[in-house]
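Asks: Pasting a structure below so you can have a look.
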Amino acid sequence: MSISKLWKLFITALMPLLKLLLLTVVGTFVALQRFNILSKSARKHLNIVSSFVSVVFPFFIPPFWS
Numbered sequence: 001m002s003i004s005k006l007w008k009l010f011i012t013a014l015m016p017l018l019k020l021l022l023l024t025v026v027g028t029f030v031a032l033q034r035f036n037i038l039s040k041s042a043r044k045h046l047n048i049v050s051s052f053v054s055v056v057f058p059f060f061i062p063p064f065w066s
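Be aware that the sequence shown starts at 1, since it is given in full-length UniProt numbering, and climbs by one per residue.
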């Protein structure tokens, strides 16, 4: 395998991780009270939505062992 193909494979495998890290940084930036991008009520509503998703979403994912 040539170096360029190996490098291309590495970048391709790294992209989902980089996207996840970028999403985490942006979400943290938006959620912090210090920057005050979201109002208090908006943060409260987002917390409700995320709690609902974390409780309901696992019921729609088939178990990996079946």
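Virtual Cβ for every residue (Gly too), placed ideally from N, Cα, C.
Here the structure is a predicted model, which is why all the values come from computation and not from measurement.
1) Put R34 into one of helix, strand or coil per three-state DSSP.
2) Just the C-alpha distance for A31 and W7, rounded to the nearest angstrom, thanks.
3) When the Cα atoms are used, what is the spatial distance from V56 to P16?
4) Mapping DSSP to helix, strand and coil, what is P62?
Replies: Concretely, from the data shown:
1) coil
2) 35 Å
3) 24 Å
4) coil
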